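Colleague: Listed in order, the protein sequences are those of chains P and H.
Its first residue numbered 1, the first sequence is counted upward by one per residue in the working numbering.
Its first residue numbered 1001, the second sequence is counted upward by one per residue in the working numbering.
Every residue gets a Cβ at the ideal spot worked out from N, C-alpha and C, and that includes glycine.
Remember, predicted model here, so these are calculated numbers, not experimental data.
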Amino acid sequence: MKIAFKLAFKNLIGAGLRTWLNVAVLAFCFIVIVFYNGFLNGWQNQGRQDAMDWEYGHGQLLHANYNPYDVFSIQNGHGNLSAEKTEDLSAVLVRQASVYPKGRMNPVLLKGISIDQKVIKLPIKLLAQSDVEFPVLIGKRMAETLKVKAGDQVLLRWRDKNGTYDAANITVEAIFESKVATIDNGQIWLGLDKLREMTGLTNEASYFIAHEAYQPTAIAGWEFQALSTLLKDFDAAVQAERIASVIIYSVLLALGLLAVFDTQVLSIFRRQKEIGTYIALGMTRNQVLKIFTIEGSMYSIFGGIAGIILGAPLFFYTLSQGINVGSEIEGMGVQFADVIYPTFGLTLLAGTFVILVFTATLVSFLPARKISKLNPVYALKGRIS
Amino acid sequence: MSEKIIVIENLVKRFPVGEGEFTALSDINLSFEKGEFSGIVGPSGSGKTTLLNIIGSLDSPTEGSCTVMGKRISDLSHKQSAQLRNMHIGFIFQVYNLLPVYTVFENVEFALLLQKRSATARKKAVMEALEWVGLEKMADKKPSKLSGGEGQRVAIARAMVKRPELVLADEPTANLDAKNAHAILQTMKKLNEELKTTFLFSTHDEKVMAYLNRLIHLEDGKVAQDEWVTAKSTR
């Protein structure tokens, strides 16, 4: 085997440009596959972490009638829990309302959360320092939608628990910036006590956000959703993207491997005398077959190494600077940070390398199999068709 | 009594041609002793190369037997054939068949790599073989940088480096001018005398025949004449 590697290496180096063209194609495939998978991994890791930090905490305990995806469930989707059952939980009350910035009407969700909460990164405690009568917190996206800035006042209209309309001017105390669009778009955050007072829903909550220490137990009328359940849609979106990416880089890899296959077929035809000479000098057909197969594998080994070396500047640059995907992509319905930081783990690099080498070895072996059946006399005369 | 290294008995070789068969060799009975400098001579298509290929275990007889170094060719597996060629037989081809991506040194070294000899032993043997053919200063050159005569001398070094008992040379001078052909033949004759290596040529070149001690004339696949001669050229 050592000899086969040595000879294959010499043959490849000796083949010059033909080798380097194949290596370049495979290196390109390697870089694209690693980069795209790194991007998806980064997106998934970042998305999951951001969702935990800003929205889900360590799971959510939802009122049985409350469905975050159904606005009609908000009216009756609330209830109260005794203090001992809400240990390690932060309550959130959700209500529907309308705001009227500059005379336009915008339907919004009012979300009340304890000013003292620490389970998510939402900077709600800023409201505690406010000296205005009715301070609220909104996200950057919401501010853009409403065309308001910090300090602006907007008319808010809501209904209390009996369905009676009430209205007041709210003041945008601060505008927060989060990568999680689903706590920002169409939402106005305020203190939980204030919202309970406004709506008459004393001690009520639509859902609770779980702290790390929370141990879920069955509570009648409430349903605990673990983080994995809450992130199911997001993970599914990433997975769908991953499947689409597999198709893209399978095509790319197929083109790269076609170059190796083509080279191998031509090699066996063009290097017949060489094959015959190997056999005349004392190699078995299988040893020659091994050389040709290893040559194909070596294209991919060189391609992988070249891919790591040539791709390193790109990988390191995107690791430190991230990839700016812009806010336009948020319309897809899944959380996307403006800047995605890819994750290039050892598993990704090694896995891609193994796939590349395995497939290249396979496509090299297929045409090279012919060697195991050829007649050395014909090979020496160059008469293999 | 000299040791017989090749024994051929009632050998027949047929090739399929279309729906029929073509008989390339028929009723060949020959034997060769260690140290011979012999040639199978005859016109093109007489079966010289076919016989050489069978002796070199690159092909096998259709009928009869060919025994080389005590091994019956038709009974050998691919692996055993390869082993026989690697350990005991050196080949010299008409077009040299040097491996283009290897240097002169590496081309000569090749057979020793297969024998798994140590790097030190390989280097010593290769340099010695290159000295025999006067190319020790060209060890680092690629075959493409060599003249025809130099290329064939590398092929001789490659065949001889493993000190085989038998060297099969198929039209070794066909691509060489007269001066180079004589130089090559003198080298081979010298190696034959010094190392007692058996050389078996396939040729129709008068220059080669002048060096041979035994001429086996093939005509239409049959031995027409088997004569021992006194070599006309010894230098």
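1) Identify the contact partners of Thr277 (chain P) in chain H, using a Cβ-Cβ distance below 7 Å as the criterion.
2) For Pro1043 (chain H) and Ala1224 (chain H), I'd like the C-alpha separation in whole angstroms.
3) Quick one: which chain H residues come within Cβ less than 7 Å of Glu274 (chain P)?
4) Note down the Cα distance separating Asp88 (chain P) from Val136 (chain P), rounded to an integer number of angstroms.
5) Label Asp1075 (chain H) either buried or exposed according to how many other C-beta atoms from any shown protein chain fall within 10 Å of its C-beta, with 16 as the threshold for buried.
6) Within a Cβ cutoff of 6 Å, which residues of the same chain sit near Tyr1096 (chain H), ignoring the five residues on either side of it in sequence?
7) Can you tell me whether Val99 (chain P) is helix, strand or coil according to DSSP?
8) DSSP puts Gln1225 (chain H) in a beta bridge; with which residues?
9) Taking 8 Å as the CB-CB limit, is Met298 (chain P) close to chain H?
10) When you compare the CB of Gly1056 (chain H) with every CB in chain A, is at least one pair closer than 8 Å?
11) First and last residue of the alpha helix (DSSP H) that includes Phe302 (chain P)?
12) Measure from the C-beta of Phe1110 (chain H) to each C-beta in chain P and report whether the shortest distance is under 8 Å.
13) Between P:Leu26, P:Gln187, P:Lys125 and P:Pro107, which has its C-alpha nearest Ile115 (chain P)'s C-alpha?
14) So Thr86 (chain P) and Phe208 (chain P) are in contact, right, with Cβ under 8 Å, and what is the actual spacing, rounded?
15) List the residues that DSSP assigns as beta-bridge partners of Glu1033 (chain H).
16) With Ile1184 (chain H) as the anchor, note down where its alpha helix (DSSP H) starts and where it stops.
17) Mind checking if Leu281 (chain P) is an interface residue toward chain H, Cβ cutoff 8 Å exclusive?
18) Determine the contact status of Gln96 (chain P) and Leu109 (chain P), defining contact as a CB-CB distance below 8 Å.
19) Please state the DSSP three-state secondary structure of His1078 (chain H).
20) Within 8 Å, do at least three Cβ pairs link the segment 257-275 of chain P to the segment 289-299 of chain P?
21) Can you confirm whether Gly331 (chain P), when its beta carbon is compared against all beta carbons of chain H, has any partner nearer than 8 Å?
22) Let's test the definition: count the other Cβ atoms within 10 Å of the Cβ of Gln215 (chain P) and tell me whether it reaches 16, buried, or not, exposed.
23) Run the CB neighbour count on Leu17 (chain P), radius 10 Å, all protein chains shown included, and call it buried at 16 or more, exposed below.
24) Taking C-beta pairs closer than 9 Å, name the residues in chain H that Lys10 (chain P) reaches, listed in chain order.
25) Closest Cβ-Cβ distance between Thr293 (chain P) and chain H: below 8 Å?
26) How many Å lie between Gly282 (chain P) and Gly307 (chain P) at the Cα?
27) How would you label Gly331 (chain P), buried or exposed, when you count the other beta carbons within 10 angstroms and need 16 or more for buried?
28) May I ask you to list the residues that DSSP assigns as paired with Cys1066 (chain H)?
29) Rounding to the nearest angstrom, what Cα-Cα distance links Ala280 (chain P) and Cys29 (chain P) in this structure?
30) Using only alpha-carbon positions, find the residue among H:Asn1180, H:Gly1018 and H:Lys1162 that is nearest to Arg1117 (chain H).
31) In chain H, which residues lie with their C-beta within 8 Å of the C-beta of Ala15 (chain P)?
32) With contact counted as at least three CB pairs below 8 Å, one residue from each stretch, are the segment 1200-1214 of chain H and the segment 1029-1046 of chain H in contact?
33) Tell me where the beta strand (DSSP E) around Ala174 (chain P) begins and ends.
34) Assign Phe1032 (chain H) to buried or exposed, taking buried as 16 or more other Cβ atoms, counted over all protein chains shown, within 10 Å of its Cβ.
35) Can you give the Cα-Cα distance for Lys1123 (chain H) and Glu1109 (chain H), rounded to whole angstroms?
36) Given that Arg18 (chain P) touches chain H, what residues does it touch there, using C-beta distances under 8 Å?
Modeller: From the atom records:
1) Asn1097 and Leu1099
2) 12 Å
3) Leu1099
4) 25 Å
5) With fewer than 16 other Cβ atoms from the protein chains shown falling within 10 Å of its own Cβ, Asp1075 (chain H) counts as exposed.
6) Gly1151, Gln1152 and Ala1155
7) Note: Val99 (chain P) maps to strand in three-state DSSP.
8) H:His1217
9) no
10) The question asks about chain A, but that chain is absent: this structure's protein chains are P and H.
11) Arg285 to Gln321
12) yes
13) The shortest C-alpha separation from Ile115 (chain P) is found at P:Lys125.
14) 6 Å
15) H:Lys1004
16) Ala1178 to Leu1195
17) Yes, its Cβ sits closer than 8 Å to a Cβ of chain H.
18) yes
19) Of the three classes helix, strand and coil, the one that applies to His1078 (chain H) here is helix, per DSSP.
20) Taking one beta carbon from each stretch, the segment 289-299 of chain P and the segment 257-275 of chain P have 3 or more pairs nearer than 8 Å; the two touch.
21) With a pLDDT of only 49 at Gly331 (chain P), under 50, the local geometry of the prediction cannot be trusted, and no value is derived from it.
22) exposed
23) exposed
24) Leu1099, Val1101, Tyr1102 and Glu1106
25) Not a single C-beta of chain H is nearer than 8 Å to the C-beta of Thr293 (chain P).
26) 37 Å
27) For Gly331 (chain P), the predicted structure reports a pLDDT of 49, less than 50, and the residue's modelled location is therefore unreliable. A value from the coordinates is still provided. The residue is exposed, with fewer than 16 neighbouring Cβ atoms inside 10 Å.
28) H:Ile1008
29) 38 Å
30) Of the candidates H:Asn1180, H:Gly1018 and H:Lys1162, the one whose C-alpha sits nearest the C-alpha of Arg1117 (chain H) is H:Lys1162.
31) Val1101
32) With the cut-off at 8 Å, the segment 1200-1214 of chain H and the segment 1029-1046 of chain H touch.
33) Tyr165 to Phe176 is the span of the beta strand (DSSP E), which, as asked, contains Ala174 (chain P).
34) By the neighbour-count criterion, in which 16 or more other beta carbons inside 10 Å mark a residue as buried, Phe1032 (chain H) falls on the buried side.
35) 8 Å
36) Neighbours of Arg18 (chain P) on chain H: none; closest Cβ ~11 Å, over 8 Å.
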